[in-house]
Structures are given as C-alpha cells and as structure tokens.
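Report on the following structure.
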Amino acid sequence: MSISANRTSRVGRKPVVVPSGVEVKLHENTISIKGPKGILHLDLHPYVNVQMTGNEITVAPVNADKLMLTGTSRKLFRSIAGTIRAKINNVMDGVTKGIERKLNLIGVGYKAQSKGKVLSLSLGFSHPTDFTVPEGIIIETPTPTEILIKGVDAALVGEAAASIRRIRPPEPYKGKGVRYSDEVVVIKETKKK
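In this text, residue positions in the sequence shown follow my numbering: the first is 1489, and each later residue adds one.
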C-alpha cells in the first residue's frame, strides 16, 4: 500500500489574489490579465468555473453531479482546475514582476553576445551559432558567459531557455555546455586503465 495515495495538492482550492495595479477581464472562455509589465490572455477549460470576487480569483471544477460523471472524471476535473489556477498565478507573476531565467556557459572559449534580436553563441563549433530571439522575449548578456532571458510569459521564457540549452547541453564527463544557473550536472567518472 502506498503512503502517497491520499496526498494530493490542495493549492488548487486557494484563490489567486489580484495585486493592486493589475486589471483582470473575465470572458466566457478566456481571461485577460493586464499589469505593469504587459498583458496576457489565457484560454480556460470548458469544465472549469472561474469567478472573480473582489480582488480574488477562484477556480473550481464544474459540478460533476450535473454531468453524471464517475469518480475518475471528478479527479481529472479537479486536476484541470488546479492546473488552470497555477497558470493564472504564473500569468499574474509575469505581468507584475516579469519572468527571468539565467543560463551559464561552461567551457573554454564559450561565449555569448546579444545583437538586438539575435543571440550569437560561440560554443566550440567551427562556426558561431545564431539564435533568433522570439517576439516578447528580451535576452541580455551581462557577462560573455551568462545569458539572461526575460519576458512576461513564463512558458515562452522557459521555451527560449530550453532552445538555447539544446544547442549544446552539458556533457557528462567535464560538464561543458549551456546549463541553467541552478542546474546541477552530475559528472561521470572516466574509465581508468
């Protein structure tokens, strides 16, 4: 018998607090959140009820009794409601504080240079690699071995960071490559004769 069988997250039941200076518009199947950093739109699932009361947004699954659903479907709807709540919270963070992801370049001669909408990377290949910066993303290089990715949309920032990392992921023997600043690379031991 598993101990974790009854350990489900209760975060989905907590309301999302709307900070001052943020404007929320709730439509039939979308929610628009406008803050000091920008505006984002989020599509809502048809089996989730989203309501705004004062400065709080509550997310709940639709009443499963009306739809005559089984227990499995109720759990699915609760998980979908929790996911939508987390997405709304991430959008709220993005439009108020902004989302930031930092990458480090580890290796001799590895460097990055931001040139407007193009990030030029020297990663040990015979030629520099150019990465086109997606719309809605700002890329800065505070030092030649650091890349700072900023934006409003957490998914877009994460996708851009993953795309840059994918060009030269850290190799397991020396750890050379592009890695997240908080990433721990486990170094393998080389074969000894």
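Just so you know, even glycine gets a beta-carbon here, dropped at the ideal spot from N, CA and C.
Rounded to the nearest angstrom, what separates residue i and residue j at their Cα positions?
i	j	result
G1612	E1659	13 angstroms
A1574	L1607	31 angstroms
V1547	Q1601	43 angstroms
S1669	E1634	9 angstroms
I1572	E1623	24 angstroms
R1566	V1550	9 angstroms
D1531	N1543	20 angstroms
Within 10 angstroms of the Cβ of residue i, are there 16 or more other Cβ atoms? Answer buried if so, exposed if not.
i	result
R1654	exposed
D1641	buried
S1490	Note on S1490: pLDDT 47, under 50, position unreliable in the model; no value is reported.
R1501	exposed
I1675	exposed
Between the options, which lies nearest to residue i when the distance is taken from Cα to Cα?
i	options	result
N1578	N1592, V1550, L1528	L1528
H1615	V1506, K1599, K1603, V1536	K1599
V1583	K1664, R1656, L1591, G1509	G1509
E1588	G1523, K1605, E1628	E1628
T1631	E1671, N1592, P1534, V1673	N1592
S1561	D1581, T1541, V1536, N1543	V1536
T1678	G1663, K1525, I1625, R1667	G1663
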